[in-house]
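Asker: Converting from the sequence shown to my numbering requires adding 140 to each position, the first position being numbered 1. Provided herewith is a single structure, encoded as structure tokens, for subsequent inquiry.
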Amino acid sequence: EEIHIADCRFGEANFSKANMKYAKINISSCFETCFDEVDFSYGELVGTILNHATFRRANLYKIDAKQADCTG
141 EEIHIADCRF
151 GEANFSKANM
161 KYAKINISSC
171 FETCFDEVDF
181 SYGELVGTIL
191 NHATFRRANL
201 YKIDAKQADC
211 TG
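Spelled out as structure tokens, the structure:
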């Protein structure tokens, strides 16, 4: 919980079923990253690019992703 990640690149990373509640991923790039079944509630994505990332059955309750760029 309350993980703070900044200026990172995740290529094909697997965060499946991780507890990322309150996590902040700032100014990062995620390419084909798996967030399936992740609890990302109350999290934040600021200036993060998500290319072909998956969020199957992920908990995205109250996530702040206004500045995220999602493609694919």
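Yeah, the Cβ is synthetic: ideal placement off N, Cα and C, and Gly gets one too.
1) Among all the DSSP beta bridges, which residues are the ones paired with Ser169?
2) If you drop the 5 nearest sequence neighbours on each side, which residues of the same chain put their C-beta closer than 7 Å to that of Ile165?
3) So, using beta-carbon positions, are Gly151 and Phe171 closer together than 8 Å?
4) Taking the alpha carbon of Asp204 as the reference point, which residue from His192, Ser156, Tyr162 has its own alpha carbon closest?
5) Secondary structure at Glu184, three-state DSSP: helix, strand or coil?
Answerer: The answer reads as follows:
1) For this step, residue 169 is matched to residue 29 along the sequence shown. In the DSSP output, where bridge partners are listed per residue, Ser169 has Arg149, Ile189.
2) On the sequence shown, residue 165 is found 25 positions in, with the first residue counted as 1. These residues qualify, in order along the chain: Ile145, Leu185, Thr188.
3) Here residue 151 refers to the residue found at position 11 when the sequence shown is read from its first residue. Here residue 171 refers to the residue found at position 31 when the sequence shown is read from its first residue. Going by C-beta atoms, Gly151 is nearer than 8 Å to Phe171.
4) Translated into positions along the sequence shown, residue 204 becomes position 64. Closest option to Asp204, Cα to Cα, is Tyr162.
5) Here residue 184 is taken as the residue at index 44 of the sequence shown, counted from 1. Strand at Glu184.
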